[in-house]
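What follows is a set of notes on a single structure, which appears directly below.
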Ligand SMILES: [Zn+2]
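Numbering (this note's numbering), first residue to last: 0 to 120.
Structure follows, in structure tokens:
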């Protein structure tokens, strides 16, 4: 993007679900807004690098991964797939997946057994 003064700018966009983040943060007793801050700092780092490297940054790209590491810390989110009979599947992209459970970790890295979110396919 070109500014009126002739300088280049990059616009970073990030889509978030605040209710989803809020549920994860409450589940793991993390500070409210932890993941929102991560996404905001990540988007700002990506925009900076896009400008510096003159490269576009797609989701999953090198710039994207580096920004994820450099951004403020995030609350871990674990997504697990289940089939229609309630059997846990090994892969989230398994075509038999009927619903997903979302868990986070406590301060010590242990999975909190109660899911903070359930999503049906
Ligand atoms: Zn990230």
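Ideal Cβ positions, reconstructed from N, Cα and C, are used throughout, including at glycine.
Task: Member of 112, 104, 38 whose CA lies at the smallest distance from the CA of residue 76 - done: 104
Open item on the list: Let's see if you can read the secondary structure: which residues bound the beta strand (DSSP E) around residue 101?
Closed with: From DSSP, the beta strand (DSSP E) with residue 101 extends over 98-102.
TODO: Determine, using beta carbons only, whether residue 38 and residue 66 come nearer to each other than 8 Å.
DONE: no
Open item on the list: Under 7 Å: does the beta carbon of residue 69 sit that close to some heavy atom of ligand 3?
Closed with: Ligands present in the displayed structure are limited to ligand 1, and ligand 3 is not among them.
TODO: Indicate whether the contact test is met: 3 or more Cβ pairs, each with one atom in the region 105-117 and one in the region 87-94, closer than 8 Å.
DONE: no
TODO: May I ask you to check if the CB of residue 116 is nearer than 7 Å to at least one heavy atom of ligand 1?
DONE: no
- [ ] Evaluate residue 51 with the Cβ neighbour count: other Cβ atoms within 10 Å of its Cβ, from every protein chain shown; 16 or more gives buried, anything less gives exposed.
- [x] exposed
- [ ] Measure the Cβ-Cβ separation of residue 73 and residue 34 and say whether it is below 8 Å.
- [x] A contact, by the Cβ cut-off of 8 Å.
- [ ] To the nearest angstrom, report how far apart residue 97 and residue 22 are at their CA atoms.
- [x] 22 Å
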